[in-house]
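Structure record follows, encoded as structure tokens.
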Amino acid sequence: MSAETKGQTTIIKEQRAIEEQIELPDYDKKRKEALEQIDNAEFGWFHVRTCLVAGVGFFTDAYDLFAINIASVMLGYVYFNSLKGSGPPSNIDLSIKVSASVGNVIGQFGFGIIADMIGRKRIYGVELMIIVVGTVASALSSDGRAVTIQGCLIFWRFIMGLGIGGDYPLSAIFAMQGFGILTAAIVATIAVVALKGPIDSDPQNIDYAWRILLGMGAIPGVVALYFRLTIPETPRFTMDIERNIDQAAQDITSVLSTGTYKNRDAEAIVIKVDAPKGTWSDFWNYFGKWENGKVLLGTSLCWFFLDIAFYGIGLNNSIILHSIGYGAGDPYQTLFNISVGNIIIALLGTVPGYWVSVFTIDSWGRIPIQKMGFIALFCLYLIMGFGFTPIKNASTVLFIVIFTLSQFFTNFGPNTTTFVLPGEVFPTRYRSTGHGISAASGKIGAIVAQVGFSKIKDLNGPNNGIGILLVILSSFMLIGFFLTFLIPETKRKTLEELSNENQEGFVKGVGAAGEARAGLFAYRAGGN
């Protein structure tokens with residue numbers, strides 16, 4: 001039987017089912033039962049596999065974004081005659097670092113909307129392909145007659161940023177970011193140590209080190225790509241966007257009993273229910289209500305102000321370490337100290353901060369952790385800002401301890417919760433869109449941070465404005481604390497409770513006969 005004949009047969013069956021008014025199940029009740037199965041399911045291998053697949057992607061994102069922190073210092077030696085580890089000229093350093101954030105904004109906003117329109121499955125893996133291509137091309141960048149090394153890096157890091165931006169609304173395993181940052185520092189250290197002899201004989205050999213550092217970021221992305229492309233669609237998307245409750249219920253039962261999805265029956269009659277649809281008018285109607293709009297405002301602005309500090313400092317750790325004298329020395333010693341310094345900060349501050357959040361977020365709650373983190377950062381940035389010169393002159397170790405504490409409370413605080421909350425507080429049909437808007441707001445903050453850091457850090461002399469910058473960042477943390485009051489606590493609440501929509505009568509029945517004839521379709525195995 002040809003595909004066309006099968007399609008005609010399926011439509012005839014659908015018509016007969018509707019015209020004969022066969023008795024259909026209570027889809028509103030069936031949806032609730034299916035959601036209860038998801039919410040009450042025990043943690044199993046399927047969840048572990050999903051976390052690993054999503055987590056590797058975000059590990060890659062963090063590695064690729066933050067490796068430039070050390071790579072820029074290496075670039076300074078090779079291409080810009082920097083003999084003191086100061087990196088490229090400020091405008092070039094800014095352009096290279098900010099290019100990925102610009103790509104992030106476009107990717108987060110665009111992929112978020114697309115994911116809600118056509119499904120996560122269809123684009124899950126596409127964003128990883130973009131990351132891998134952009135990462136490899138960045139590592140192969142070079143000078144030429146028509147384009148400079150910085151021009152190549154800016155272009156390819158922008159492309160890489162598009163893919164990373166797309167990963168944000170699709171992969172919410174944020175704690176892997178700490179391991180990505182740590183791994184970038186470890187790879188940098190290994191590369192520098194392995195090339196000690198060549199670097200000591202000729203600093204131009206540092207060219208190998210930054211290419212190794214950036215290029216290694218593609219490896220975890222390639223490893224995860226197959227699993228990304230084969231991961232199934234989420235049951236909530238099948239229910240609430242595709243409005244196919246029968247299929248979603250079957251998927252849930254199959255996964256909970258066998259750990260895998262059963263192939264979809266290409267000949268099955270599909271009944272699309274009458275439920276709220278994601279449209280522009282519905283979007284504005286939903287978020288036009290203050291009780292919903294204020295949540296999007298809160299998640300977006302909290303992420304914006306947090307990322308001003310997180311990226312303003314995180315992408316410039318090496319500059320801060322250099323400014324307090326930690327990285328001073330010959331090229332090899334400078335790069336070694338900076339790389340090891342980033343390992344210390346990641347091991348003692350960044351990674352523990354994420355994982356303390358993991359183990360406390362469901363008992364203490366997202367909102368208390370976010371508020372506590374913002375207040376802790378407000379205090380720590382004030383101390384480092386007003387005491388920048390006295391502290392660094394008294395003890396480099398003391399400054400690094402306080403700085404490491406700020407990294408700890410960034411991640412045991414708003415850097416984790418600003419990512420988690422937008423993935424929980426919006427209805428399914430706008431979850432990726434809401435998360436994408438919030439994440440894009442954060443990356444706009446990252447762009448502001450990079451421009452601000454570049455302009456303020458050299459006030460009154462090279463790196464003499466860092467103290468002023470830290471004081472400014474402290475005020476943004478206080479603003480973030482007050483904006484957190486716009487967001488509801490999500491601890492131990494279902495996604496439907498958090499959607500601010502009445503779940504009674506959410507499904508009003510099946511689609512009209514005309515819609516059934518024109519819009520009901522048969523699923524083919526493994527996709528739609």
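The sequence shown: position 406 = 406 (UniProt numbering), numbered continuously. By construction, the Cβ of each residue, glycine as well, lies at the ideal position given by its N, Cα and C atoms.
Check, Outcome
"Val147 - containing alpha helix (DSSP H), residue span", "It is not in any alpha helix (DSSP H) - Val147 carries neither H nor E in the DSSP assignment."
"Proximity to Arg492 [Cα-Cα], best of Ser363, Met74 and Ile159", "Ser363"
"One or two residues paired with Val510 in a DSSP bridge", "Val273"
"As assigned by DSSP and simplified to three states, the class of Gly465", "coil"
"At least three beta-carbon pairs within less than 8 Å, the segment 153-168 to the segment 128-141", "yes"
"Beta-carbon spacing of Ala34, Ala248 below 8 Å", "yes"
"Member of Ile199, Val187, Gly197 and Phe227 whose CA lies at the smallest distance from the CA of Gly215", "Val187"
"Rounded straight-line distance, which links the Cα of Glu291 to that of Ile456", "38 Å"
"Cβ shell of Phe336 (< 6 Å), same chain only, five flanking positions each side left out", "Val192"
"Burial state of Leu398, where buried means 16 or more other Cβ atoms lie within 10 Å", "exposed"
"Proximity to Ile130 [Cα-Cα], best of Gly57, Ile92 and Leu182", "Gly57"
"Cβ neighbours of Ala512 in the same chain (closer than 8 Å, five flanking residues each side left out)", "Here Ala512 scores only 48 on pLDDT, less than 50, and its place in the model is too uncertain to base an answer on."
"As assigned by DSSP and simplified to three states, the class of Asp362", "coil"
"Extent of the continuous alpha helix (DSSP H) run through Lys443", "Arg431 to Ile456"
"From Ala185, Thr234, Arg157 and Val223, residue whose alpha carbon lies closest to that of residue 530", "Residue numbering for the chain in the displayed model covers 1 to 528; residue 530 lies beyond these limits and cannot be assessed."
"Extent of the continuous alpha helix (DSSP H) to which Asp61 belongs", "Trp45 to Phe66"
"Member of Asp330, Gln370, Asn460 and Lys277 whose CA lies at the smallest distance from the CA of residue 548", "Residue 548 falls outside the range modelled here, since the chain spans only 1 to 528, and no answer is possible."
"Presumed contact (8 Å Cβ cut-off) between Val72 and Ile96, rounded CB distance", "Residue 72 is actually Ser in this sequence, not Val. Contact holds; Cβ gap of about 6 Å."
"C-alpha distance - Arg366 paired with Gly329, whole-angstrom precision", "43 Å"
"Pairwise C-alpha distance: Tyr326 and Ser339", "11 Å"
"Segment contact flag, the segment 480-492 with the segment 300-318, C-beta cutoff 8 Å, min 3 pairs", "yes"
"Sequence-distant residues of the same chain with beta carbon closer than 6 Å to Lys443, five excluded per side", "Ser101, Asn104 and Val105"
"Sub-8 Å separation of residue 536 and Gly180 beta-carbons", "The displayed coordinates of the chain run from 1 to 528. Any statement about residue 536 would go beyond what the structure contains."
"CB contact flag (Ile375, Phe481, <8 Å)", "yes"
"Three CB pairs or more closer than 8 Å across the segment 110-119 and the segment 426-436", "yes"
"Euclidean distance between Cα positions of Ile190 and Gly107", "32 Å"
"Entirely enclosed alpha helix (DSSP H) segments - the segment 326-383, minimum 4 residues", "331-345 and 351-360"
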